[in-house]
Amino acid sequence: MSLKKLFAKSKEEPKANPTTTKKGKEAEDFAAKFLEKENFTIIERNYFSKFGEIDIIAKKDGVLHFIEVKSGENFEPIFNLTKTKLERIQKTIHCYLKSNTTSYCIDGLILHKQEVGYKIDFYENLTMF
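Reminder that position 49 of the sequence shown reads as 49 in UniProt numbering, one-by-one numbering, no gaps.
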């Protein structure tokens with residue numbers, strides 16, 4: 001049976017692996033603390049729309065930052081910030097902003113798992129080109 005048929009019958013979304021979900025939450029918690037130390041105000045976490053999710057929405061100096069958090073242990077997590085992912089984020093941002101016009105940017109916060117904590121790479125104002 002195809003996944004499409006399976007989920008059409010059950011009306012349920014596939015569940016994420018609990019270990020992956022736990023690691024993702026841990027990474028997002030770490031990222032939020034980092035951003036607060038960098039004088040960002042966290043507005044919202046895990047904003048969902050029909051197009052996707054934004055991990056963290058924060059504000060600094062009057063600019064909204066839509067932040068995608070990626071983490072990994074055995075690979076370079078930045079490679080998961082694909083063009084397709086950025087396009088989904090852009091569509092989700094439009095849902096969030098609706099008709100409000102405000103300055104914003106898309107940021108990527110990459111966490112490299114260490115024995116204790118993470119090494120952080122923070123990329124502000126990502127573009128799709």
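Every residue, glycine too, gets a C-beta built ideally from N, C-alpha and C.
Excluding sequence positions up to five before and after V69, its CB lies within less than 6 Å of the CB of A27, E28, A31, D55, L109, all in the same chain and listed in chain order. With a cutoff of 9 Å on beta-carbon distance, L111 and Y118 are scored as near each other. According to DSSP, residue pairing for V69 in a beta bridge involves L109.
With fewer than 16 other Cβ atoms inside 10 Å of its own Cβ, I78 counts as exposed.
Contact annotation, H65 with F34: C-beta distance approximately 12 Å; criterion of less than 8 Å not satisfied. For the set E115, K25, I67, E36, the Cα lying nearest the Cα of K85 is the one of I67. If you look at I93, you'll find it isn't in any beta strand (DSSP E); it sits in the alpha helix (DSSP H) that goes 83–97. When rounded, the separation of the alpha-carbon atoms in E44 and K59 is 10 Å. Of the residues assessed, D61 falls on the exposed side of the cut-off, its CB having fewer than 16 other CB atoms within 10 angstroms.
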